[in-house]
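Going letter by letter, the sequence shown gives residues 59 to 693 in the working numbering. Everything below concerns the one structure shown next.
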Amino acid sequence: MSCMLLGVLRRHGSVGAGVGLRSLASVPSLPPSVADFVKGAVDECKPSNVHVVTGTAEETATILAGLEREGMVKRLPKYENCWLARTDPKDVARVESKTVIVTKNHRDTVPIPAGGAKSQLGSWMSESDWQRAREERFPGCMTGRTMYVIPFSMGPVGSTLSKYGVQVTDSPYVVASMGVMTRMGTPVLNKLAEGVEFVRCQHSLGRPLPLTAPLVNSWPCNPDKVLISHLPDTRQILSFGSGYGGNSLLGKKCFALRIASRIAKDEGWLAEHMLILGITNPAGVKRYVAAAFPSACGKTNLAMMKPSLPGWKVECVGDDIAWMKFDSHGKLRAINPENGFFGVAPGTSDKTNPYAMATIAKNTVFTNVGETSDGGVWWEGLDAPPAGVTLTDWHGKAWKPGTSTLCAHPNSRFCAPAGQCPIIDPLWESEEGVPIDAIIFGGRRPEGVPLVYESFNWQHGVFVGAAMRSEATAAAEHKGKVLMNDPFAMRPFFGYNFGDYLAHWLSMQRRGAATQLPRIFHVNWFRKDPSSGAFLWPGFGENARVLEWIFRRCGRQAEDEAARRSAIGWLPVDGAIDTKGLSGGVDMGALLDVPKTFWQQEARELRAYFSQQVGADLPAQVEAELRALEDRVHN
Ligand code: GTP
Ligand code: SPV
Ligand code: MN
Numbered sequence: 059m060s061c062m063l064l065g066v067l068r069r070h071g072s073v074g075a076g077v078g079l080r081s082l083a084s085v086p087s088l089p090p091s092v093a094d095f096v097k098g099a100v101d102e103c104k105p106s107n108v109h110v111v112t113g114t115a116e117e118t119a120t121i122l123a124g125l126e127r128e129g130m131v132k133r134l135p136k137y138e139n140c141w142l143a144r145t146d147p148k149d150v151a152r153v154e155s156k157t158v159i160v161t162k163n164h165r166d167t168v169p170i171p172a173g174g175a176k177s178q179l180g181s182w183m184s185e186s187d188w189q190r191a192r193e194e195r196f197p198g199c200m201t202g203r204t205m206y207v208i209p210f211s212m213g214p215v216g217s218t219l220s221k222y223g224v225q226v227t228d229s230p231y232v233v234a235s236m237g238v239m240t241r242m243g244t245p246v247l248n249k250l251a252e253g254v255e256f257v258r259c260q261h262s263l264g265r266p267l268p269l270t271a272p273l274v275n276s277w278p279c280n281p282d283k284v285l286i287s288h289l290p291d292t293r294q295i296l297s298f299g300s301g302y303g304g305n306s307l308l309g310k311k312c313f314a315l316r317i318a319s320r321i322a323k324d325e326g327w328l329a330e331h332m333l334i335l336g337i338t339n340p341a342g343v344k345r346y347v348a349a350a351f352p353s354a355c356g357k358t359n360l361a362m363m364k365p366s367l368p369g370w371k372v373e374c375v376g377d378d379i380a381w382m383k384f385d386s387h388g389k390l391r392a393i394n395p396e397n398g399f400f401g402v403a404p405g406t407s408d409k410t411n412p413y414a415m416a417t418i419a420k421n422t423v424f425t426n427v428g429e430t431s432d433g434g435v436w437w438e439g440l441d442a443p444p445a446g447v448t449l450t451d452w453h454g455k456a457w458k459p460g461t462s463t464l465c466a467h468p469n470s471r472f473c474a475p476a477g478q479c480p481i482i483d484p485l486w487e488s489e490e491g492v493p494i495d496a497i498i499f500g501g502r503r504p505e506g507v508p509l510v511y512e513s514f515n516w517q518h519g520v521f522v523g524a525a526m527r528s529e530a531t532a533a534a535e536h537k538g539k540v541l542m543n544d545p546f547a548m549r550p551f552f553g554y555n556f557g558d559y560l561a562h563w564l565s566m567q568r569r570g571a572a573t574q575l576p577r578i579f580h581v582n583w584f585r586k587d588p589s590s591g592a593f594l595w596p597g598f599g600e601n602a603r604v605l606e607w608i609f610r611r612c613g614r615q616a617e618d619e620a621a622r623r624s625a626i627g628w629l630p631v632d633g634a635i636d637t638k639g640l641s642g643g644v645d646m647g648a649l650l651d652v653p654k655t656f657w658q659q660e661a662r663e664l665r666a667y668f669s670q671q672v673g674a675d676l677p678a679q680v681e682a683e684l685r686a687l688e689d690r691v692h693n
């Protein structure tokens with residue numbers, strides 16, 4: 059850390075923008091509250107330099123060129139301004155076991171599980187343990203490195219639904235990625251100068267210089283010391299040891315879900331793990347829906363889907379996170395707080411998601427995908443490259459199709475600007491947000507759960523969200539195909555006690571106008587044929603057939619000719635899902651079946667889960683819905 063820079067911080071409470079100190083005099087100073095935060099981080103982390111990020115294209119180019127020199131990214135000459143990063147194989151996904159929420163009381167963070175069991179609804183750390191963990195990690199952690207100061211906005215700068223943050227980080231890869239995923243730089247700094255609140259985000263890779271051990275793949279990280287910590291009371295995030303995805307791009311899951319869910323509870327709105335899409339029918343009527351699926355369960359795919367049904371159009375507002383608030387007319391309105399897509403690469407192809415393929419054709423950072431000898435990218439699900447083109451896997455080793463290992467890591471990702479999506483919705487940056495007519499829950503359910511059903515009402519819909527389960531995926535460290543409870547697809551992202559979260563959702567009923575409340579649905583694209591193990595439903599663009607039924611239900615009374623009452627909710631009647639033109643034919647009977655013994659078992663398992671994991675914090679209305687389900691499945 060230069061003495062001169064420290065001197066500037068101390069005397070004026072501000073730091074200049076720009077690398078190096080020569081330009082210091084000519085750049086704007088930081089607003090006092092930001093300067094205080096940065097000064098505290100500098101004093102603790104002891105970087106050698108401070109760079110306030112302005113967000114210009116030239117600055118990004120300089121940062122990427124620096125990353126290339128260090129061997130952290132490689133230019134992909136086949137495309138325009140695209141880059142490939144290969145991480146240390148120990149740093150490839152979110153680390154839920156090292157992710158904590160710090161509050162005074164344990165129960166502010168999670169319901170206390172019965173019989174000393176471990177909570178699956180978040181991880182609490184006491185203030186004193188956290189203080190100790192911080193002192194073991196952060197002092198001097200940026201020695202020899204540059205600390206970047208990233209002013210960023212979640213949501214369009216200036217929108218009443220937007221929130222601001224400042225992230226300090228010693229990872230230039232994070233700066234480049236945050237530049238895609240958020241609105242970042244000087245316009246945000248100007249907003250902060252007005253004195254608006256901001257979330258304080260402190261991130262370090264935890265590898266000060268000089269190194270004491272060699273890097274793997276030139277990717278600095280400190281896997282043994284990873285800790286992703288959140289202080290919702292003071293709106294702070296401190297993340298250490300990982301440079302990957304949601305561990306390090308702190309605007310995403312850490313801010314826009316964990317901290318924002320707590321802000322939303324305090325302020326009376328919802329911060330959810332949901333995509334937002336607009337769907338227009340052949341008559342030109344448009345509706346917006348939000349959908350919550352757990353990580354790697356199809357949000358990005360649905361958000362950008364190309365409908366197989368003639369005349370229908372889908373447009374994308376967001377693919378991962380929705381901030382939603384009832385407006386003065388009692389209509390729920392949603393914004394996508396993000397500015398880019400951090401999407402799963404494997405499985406993405408012109409067949410499954412052509413609009414995602416178009417989105418990632420330029421200005422994209424790829425991480426842990428395979429590489430082609432002609433300077434392009436490759437992953438499982440793409441056609442084999444043409445003769446003469448060879449492949450390198452995500453470890454950087456030569457790789458051939460048919461090898462038993464994977465070419466791309468299953469959680470390899472693209473990071474691309476949302477504005478490049480060919481079907482980005484015209485209102486995706488609207489300040490007031492888009493009006494939501496339906497909320498959809500879903501997950502990977504190989505058995506028993508029908509393709510689609512609708513809840514009986516808002517309260518039952520909240521129960522359906524609370525009852526969500528899904529097969530574990532590669533997006534986190536869980537291994538194997540184990541079925542996990544993942545209420546509201548928020549299990550890894552709750553910023554406060556799940557019982558209070560349910561009460562908050564139930565209270566939304568009073569904020570909305572009765573006639574305007576979104577209908578709540580549950581979908582399952584992943585039901586399997588028990589004998590062959592194959593998916594029963596073709597998915598992807600064909601999911602438009604299910605959206606069509608949902609669209610129709612939004613405009614109707616509960617009772618209509620398209621739906622019949624079942625033990626778990628409203629189901630499509632025979633023929634109500636349009637299957638015309640589906641190649642190969644599908645077994646709609648098997649897809650919509652609601653097996654009684656399966657649901658009796660499901661209700662039993664749900665009761666056990668609620669009593670062990672939520673206990674006294676379970677709202678009475680949710681308990682009543684569970685009892686009502688038990689009655690229905692036993693009759
Ligand atoms: P995160 O970004 O981790 O939150 O994941 P996501 O919810 O955005 O999931 P994504 O759309 O990236 O899909 C994850 C995986 O599910 C990919 O391998 C997809 O190919 C697959 N998938 C998505 N939609 C469908 C579908 O309708 N049917 C089937 N069978 N697979 C799907
Ligand atoms: C997820 O794991 O749900 C992701 C990727 O979207 S990350 O941003 O790493 O959390
Ligand atoms: Mn996604």
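Where a beta carbon is used, it is the ideal one built from N, C-alpha and C, also for glycine.
Helix, strand or coil for residue i, going by three-state DSSP, please let me know.
i, result
"Ala-682", "helix"
"Leu-82", "Below a pLDDT of 50, predicted positions are generally treated as unreliable, and Leu-82, at 36, falls in that range; the measurement from the model is reported next regardless. Of the three classes helix, strand and coil, the one that applies to Leu-82 here is helix, per DSSP."
"Val-73", "Per-residue confidence for Val-73 stands at a pLDDT of 44, beneath the threshold of 50, marking its modelled position as unreliable; the derived number appears in the next sentence. Note: Val-73 maps to coil in three-state DSSP."
"Pro-475", "strand"
"Ser-528", "strand"
"Gln-574", "coil"
"Arg-345", "strand"
"Asn-543", "strand"
"Phe-668", "helix"
"Pro-677", "coil"
"Phe-424", "strand"
"Leu-247", "helix"
"Leu-449", "strand"
"Thr-430", "strand"
"Ala-776", "Outside the shown range of the chain, which is 59 to 693, sits residue 776, and nothing can be said about it."
"Phe-552", "coil"
"Trp-486", "coil"
"Ala-456", "strand"
"Trp-437", "coil"
"Glu-688", "helix"
"Phe-461", "According to the sequence as given, residue 461 is Thr; it is not Phe. Three-state result, Thr-461: coil."
"Thr-227", "strand"
"Gly-401", "strand"
"Gly-216", "coil"
So the alpha helix (DSSP H) residue i belongs to, where does it begin and stop?
i, result
"Thr-410", "Here Thr-410 belongs to no alpha helix (DSSP H), and DSSP marks it neither H nor E."
"Gly-369", "Looking at the DSSP string, Gly-369 is not in any alpha helix (DSSP H), and its letter there is neither H nor E."
"Glu-563", "As written in the sequence, residue 563 is Trp, which differs from the Glu given in the question. Trp-563 -> alpha helix (DSSP H) spans 556–569."
"Leu-360", "357–361"
Would you mind reading off the limits of the beta strand (DSSP E) that contains residue i?
i, result
"Ala-392", "390–393"
"Gln-260", "257–262"
"Pro-230", "Taken as a continuous stretch (DSSP letters only), Pro-230 belongs to no beta strand (DSSP E), being part of the alpha helix (DSSP H) at 230–239."
"Phe-384", "380–384"
"Ile-494", "492–500"
"Lys-364", "No beta strand (DSSP E) holds Lys-364; DSSP gives it neither H nor E."
"Val-510", "510–512"
Quick check on this structure: which residue in the options has the alpha carbon closest to the alpha carbon of residue i?
i, options, result
"Phe-733", "Gly-388, Gly-264, Cys-374, Lys-389", "The requested residue 733 does not occur in the structure, where the chain is confined to residues 59 to 693."
"Pro-197", "Ser-220, Gln-260, Ala-172", "Gln-260"
"Tyr-231", "Tyr-667, Pro-596, Arg-144, Gly-491", "Arg-144"
"Thr-422", "Asp-94, Gly-553, Leu-125, Leu-142", "Leu-142"
"Gln-670", "Thr-167, Gly-174, Thr-461, Val-111", "Gly-174"
"Val-372", "Pro-412, Arg-391, Ile-626, Val-168", "Pro-412"
"Gln-178", "Ser-470, Pro-169, Ser-235", "Pro-169"
"Lys-156", "Phe-424, Leu-134, Gly-180", "Gly-180"
"Met-239", "Gln-478, Trp-327, Leu-335", "Gln-478"
"Ala-772", "Gly-401, His-387, Glu-116", "Residue 772 falls outside the range modelled here, since the chain spans only 59 to 693, and no answer is possible."
"Gly-523", "Gly-627, His-164, Val-254", "Gly-627"
Which complete beta strand (DSSP E) runs does the region 580–659 hold, if anything under 3 residues is left out?
621–623, 628–630
In the region 82–170, which residue ranges form an unbroken alpha helix (DSSP H) of at least 4 residues, counting only runs that do not cross its ends?
90–103, 115–127, 164–167
Ranges of the beta strand (DSSP E) found wholly within the region 250–333, counting only runs of at least 3
257–262, 285–289, 294–298, 328–330
In chain order, each beta strand (DSSP E) run of at least 3 residues that lies wholly inside the region 169–214:
204–212
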